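*Asks:* Using our numbering, the letters of the sequence shown correspond one by one to residues 1 to 497.
Note that beta-carbon positions come from the ideal geometry of N, C-alpha and C, so glycine has one too.
These numbers come from a predicted model, not from an experiment.
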Amino acid sequence: MSFTAALADIESKGGKPSRTGQVPRILAVLLTILIIFIGWTFFWLAQSNRDALLSAREDEIVDGADAAVTILSGIERKEREGLLSNRQAKQTALDLMKDLRFGPFGNGFVYVLDRNGVMLMHPLSSDLVGEDVSPLSDAYGTRFIAQLMKLYFREDASFVEYEMDWAGEGGMAVPRLAYATVFAEYDWVVVADAPLDDIELAVDEQIQKQWLVVAVMCIVLGVIITITLKRLLLTRVDELIKVSHAIAAGDYSARVDNPQTSELATLCEAINQMAQGIQERDASISLSQRTAVFALAKLAEARDNETGGHLLRVREYATLLATKLSGREGWKEIIDEQFIRDIYDAVMLHDIGKVGIPDVILLKPASLDDHERAIMMSHTLIGANTIRAARQQMQVESGFLTMAEEIARSHHERWDGQGYVEMLKGRDIPAAARIFSVADVYDALTTSRPYKPAYSHEDTVEMMTADRGKRFDPDVLDSFLASAGEFNRIRLEFAAK
Numbered sequence: 001m002s003f004t005a006a007l008a009d010i011e012s013k014g015g016k017p018s019r020t021g022q023v024p025r026i027l028a029v030l031l032t033i034l035i036i037f038i039g040w041t042f043f044w045l046a047q048s049n050r051d052a053l054l055s056a057r058e059d060e061i062v063d064g065a066d067a068a069v070t071i072l073s074g075i076e077r078k079e080r081e082g083l084l085s086n087r088q089a090k091q092t093a094l095d096l097m098k099d100l101r102f103g104p105f106g107n108g109f110v111y112v113l114d115r116n117g118v119m120l121m122h123p124l125s126s127d128l129v130g131e132d133v134s135p136l137s138d139a140y141g142t143r144f145i146a147q148l149m150k151l152y153f154r155e156d157a158s159f160v161e162y163e164m165d166w167a168g169e170g171g172m173a174v175p176r177l178a179y180a181t182v183f184a185e186y187d188w189v190v191v192a193d194a195p196l197d198d199i200e201l202a203v204d205e206q207i208q209k210q211w212l213v214v215a216v217m218c219i220v221l222g223v224i225i226t227i228t229l230k231r232l233l234l235t236r237v238d239e240l241i242k243v244s245h246a247i248a249a250g251d252y253s254a255r256v257d258n259p260q261t262s263e264l265a266t267l268c269e270a271i272n273q274m275a276q277g278i279q280e281r282d283a284s285i286s287l288s289q290r291t292a293v294f295a296l297a298k299l300a301e302a303r304d305n306e307t308g309g310h311l312l313r314v315r316e317y318a319t320l321l322a323t324k325l326s327g328r329e330g331w332k333e334i335i336d337e338q339f340i341r342d343i344y345d346a347v348m349l350h351d352i353g354k355v356g357i358p359d360v361i362l363l364k365p366a367s368l369d370d371h372e373r374a375i376m377m378s379h380t381l382i383g384a385n386t387i388r389a390a391r392q393q394m395q396v397e398s399g400f401l402t403m404a405e406e407i408a409r410s411h412h413e414r415w416d417g418q419g420y421v422e423m424l425k426g427r428d429i430p431a432a433a434r435i436f437s438v439a440d441v442y443d444a445l446t447t448s449r450p451y452k453p454a455y456s457h458e459d460t461v462e463m464m465t466a467d468r469g470k471r472f473d474p475d476v477l478d479s480f481l482a483s484a485g486e487f488n489r490i491r492l493e494f495a496a497k
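(1) Leu128: buried (16+ other C-beta within 10 angstroms of its C-beta) or exposed?
(2) Would you mind giving the Cβ-Cβ distance between Val193 and Ala173, rounded to the nearest angstrom? I have them listed as a contact below 8 Å.
(3) Measuring only the C-alpha atoms, how far is Ser85 from Glu163?
(4) Looking at the strands, I want to know which residues DSSP matches up with Thr181.
(5) Using only the alpha-carbon positions, how far apart do Val476 and Thr447 sit?
(6) Is the segment 346-358 close to the segment 373-383, with three or more CB pairs under 8 Å?
(7) Suppose contacts are defined by Cβ-Cβ distances below 8 Å. Is Val220 in contact with Ala65 by that definition?
(8) Looking at Glu462 and the ligand ADP, is the gap between the Cβ and the nearest heavy atom below 7 Å?
(9) Taking the alpha carbon of Phe494 as the point to measure from, which residue in Tyr317, Asp187, Met464, Arg409 has its own alpha carbon closest?
(10) Can you look up Tyr317 in the DSSP assignment and give me helix, strand or coil?
(11) Should Asp197 and Pro175 be called a contact, given that it needs their Cβ atoms to be closer than 8 Å?
(12) Am I right that Glu76 and Ala68 are in contact with their C-beta atoms under 8 Å? What's the rounded C-beta distance?
(13) Mapping the DSSP letters down to three states, classify Met172 as helix, strand or coil.
(14) Determine the DSSP secondary structure at Phe472, reduced to helix, strand or coil.
(15) If you drop the 5 nearest sequence neighbours on each side, which residues of the same chain put their C-beta closer than 8 Å to that of Ala389?
(16) When we look at the beta-carbon of Gly485 and count the other beta-carbons within 10 Å, is it buried (16 or more) or exposed?
(17) Is it right to say Asp548 is buried, meaning 16 or more other beta carbons lie within 10 angstroms of its own, or is it exposed?
(18) Is it true that the segment 421-441 meets the segment 399-409, where meeting means three or more beta-carbon pairs spaced less than 8 Å apart?
(19) Could you pull the DSSP bridge partners for Arg77 from this structure?
(20) Can you give me the Cβ contacts of Ala374 inside the same chain, cut-off strictly under 7 Å, excluding the 5 residues immediately before and after it?
(21) Quick check on the DSSP output: the alpha helix (DSSP H) that includes Tyr344 runs from which residue to which?
(22) Give every residue of the same chain whose Cβ lies closer than 8 Å to the Cβ of Ala454, excluding the five residues on either side of it in the sequence, and list them in chain order.
(23) Can you find the residues in the same chain that come closer than 7 Å, C-beta to C-beta, to Ala146, ignoring five residues on each side of it along the sequence?
(24) Terminal residues of the continuous alpha helix (DSSP H) containing Glu413?
(25) Would you list the one or two residues that DSSP bridges to Gly108?
(26) Mind checking which residues open and close the alpha helix (DSSP H) that includes Tyr442?
(27) Given a threshold of 16 other Cβ atoms within 10 Å of its Cβ, counted over all protein chains shown, does Ile351 qualify as buried or as exposed?
(28) Can you have a look at Asp345 and say buried or exposed, based on whether 16 or more other CB atoms are within 10 angstroms of its CB?
(29) Run through the DSSP bridge pairs and tell me what Glu163 is partnered with.
(30) Does DSSP put Met423 in a helix, a strand or coil?
(31) Helix, strand or coil: how does DSSP classify Asn385 here?
(32) To which residues of the same chain is Thr402 closer than 7 Å at the C-beta, ignoring the five residues directly before and after it?
(33) According to DSSP, Arg50 sits in a beta bridge with which residue or residues?
(34) Considering just the uninterrupted stretch of the alpha helix (DSSP H) at Leu492, what are its terminal residues?
(35) Looking only at its own chain, which residues have a Cβ that is under 8 Å from the Cβ of Ile361, when we skip the five neighbours before and after it?
(36) Asp59 bridges to which residues according to DSSP?
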């Protein structure tokens, strides 16, 4: 039988389906699976992001409650010392807590109930003060005050979700989260409260962006599949021509190779390209998140904007010190290029905890009294706890955030152990915090504040030298002294920024 007759015989019997003809169906099925998988993954990521944001909000609320308890403890201590009467102490505590705000947007607040559910203080709804609010319910009938009081009687602090427009100005009720704890000395229930609507908005925006990514990826994948199919068809035609020539020449053992091998290889390559696109997208999202972190740092500085350019200057000072120290004996094992890159970014978050400090204290144009100072000192813990919560939610190790947490927590520690908040001493203080302490103090001394003028560079160097081995690590202070001229140059360069 001739080759032409053989082809005619196969065609007359219907022939065998070409494997190449099955490729579009296979790829279509795989494309559908990929789209479903990607869509499910993005949905899971959005839900995980919501859980992470909610967990961070819970931490912010707990920090707000802790700040309120810190205020109460300080006032109650003054009462025990006889400095205030019981009535004066309670009224002072309520007045201070009325101005307490927390959270990245400063929209969290505290209100106080007695053991019978009577409102003692509410910063937004003063008309409820003195009223029994235990029957109060939200738009869905949730008696959230009663639930909070149950927590009081069980002495089991926890969270309650509800919807309410506390402003009482006819606005829309928004979802809120409340946390109740007990201050036993006054028999009060302290409730820290913050809205959740910004979390829902952020998740909705994330989902919209992710579905846009899915659409773009489908288009890209469709183009890749089209090009792949074209190449596969051309390859199969070439193979058929070669096999036909071989059979015509008498080589009847010639066969068309199994097309699945090359098809799967091409598909794997397409998937690798898709994975690379996802990786690049993830890097872009990480960069966006990092940018958001720096924006929050600038927000914290804006609340206390008495030293313009502070973040820019201390970043340059700390990076300069780290670079100088990297060549010193005993520091070479600590400071490498990654350490220097991390400290350049990490110092930006050193005062992020100040967003949890009331304006009445943060912006006070005079020296703070003892209990105000205690509240101000808590900014180190608020900042460190906020950064730690973000780092834990990432579920991967981040040197940048780890260092940022260390600096936020320990940059007011002293080499001699007389600092705060943990009174760490010597090398127990993280290296990055020891470095930043010198940079921060230099900038504080050489800039003016409402309660002091700016000191000259020379006077500042003299004062800091006197604190060698007391406030400052001797190695770090020595590197500072060796670089004093460069510090002055940076100070002058950034003076107008």
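*Replies:* Quick look at the numbers:
(1) With 16 or more Cβ atoms within 10 Å of its Cβ, Leu128 is classed as buried.
(2) The residue you asked about is not Val; residue 193 is Asp in the sequence shown. At roughly 13 Å, the Cβ-Cβ gap does not stay under 8 Å, so Asp193 and Ala173 are not in contact.
(3) So the two alpha carbons sit approximately 38 Å from each other.
(4) As computed with DSSP, Thr181 is found in a beta bridge with Val190.
(5) Rounded to whole angstroms, Val476 to Thr447 spans 21 Å at the Cα level.
(6) Contact between the segment 346-358 and the segment 373-383 is present, because at least three Cβ pairs lie under 8 Å.
(7) Their beta carbons are not under 8 Å apart, which means Val220 does not touch Ala65 by this criterion.
(8) Annotation note on the ligand ADP: not contained in the displayed structure, which lists no ligands.
(9) Looking at the Cα atoms, Tyr317 is the closest of the given residues.
(10) It is helical.
(11) A contact, by the Cβ cut-off of 8 Å.
(12) 12 Å between Cβ atoms; not a contact.
(13) The DSSP-derived three-state label of Met172 is coil.
(14) The answer is strand: DSSP assigns Phe472 an E or B state.
(15) When the five nearest sequence neighbours on each side are left out, the beta carbons in the same chain lying within less than 8 Å of the beta carbon of Ala389 are those of Ser55, Ala56, Asp59, in order along the chain.
(16) Label assigned to Gly485: exposed.
(17) Because the chain spans 1 through 497 in this model, residue 548 falls outside it and cannot be assessed.
(18) The segment 421-441 is in contact with the segment 399-409.
(19) Looking at the DSSP assignment, Arg77 forms no beta bridge with any residue, so it has no partner.
(20) Around Ala374: Thr70, Gly74.
(21) Looking at the DSSP string, the run of the alpha helix (DSSP H) that includes Tyr344 is 337-346.
(22) Excluding sequence neighbours, Ala454 sits near Leu445, Thr446, Thr447, Ser448.
(23) Cβ within range, chain order: Ser134.
(24) Looking at the DSSP string, Glu413 is not in any alpha helix (DSSP H), and its letter there is neither H nor E.
(25) Gly108 is bridged to Phe102.
(26) Where Tyr442 is concerned, the enclosing alpha helix (DSSP H) stretches over 431-445.
(27) Correcting the residue type first, residue 351 is Asp in the shown sequence and not Ile. Around the beta carbon of Asp351, 16 or more other beta carbons lie within 10 angstroms, which makes this residue buried.
(28) Buried, by the Cβ-count rule.
(29) Listed as beta-bridge partners of Glu163 by DSSP are Pro175.
(30) In the structure shown, Met423 sits in coil (DSSP, three-state: anything other than H, G, I, E or B).
(31) Three-state result, Asn385: helix.
(32) Counting only Cβ-Cβ distances below 7 Å, and skipping sequence neighbours, we find Arg391.
(33) Arg50 is bridged by DSSP to nothing; it lacks a bridge partner.
(34) Note, Leu492: alpha helix (DSSP H), 484-493.
(35) If we look at Ile361 and ignore the five residues flanking it on each side, its Cβ neighbours are Leu368, Glu372, Ile375, Met376.
(36) DSSP output for Asp59 lists no bridge partner at all.
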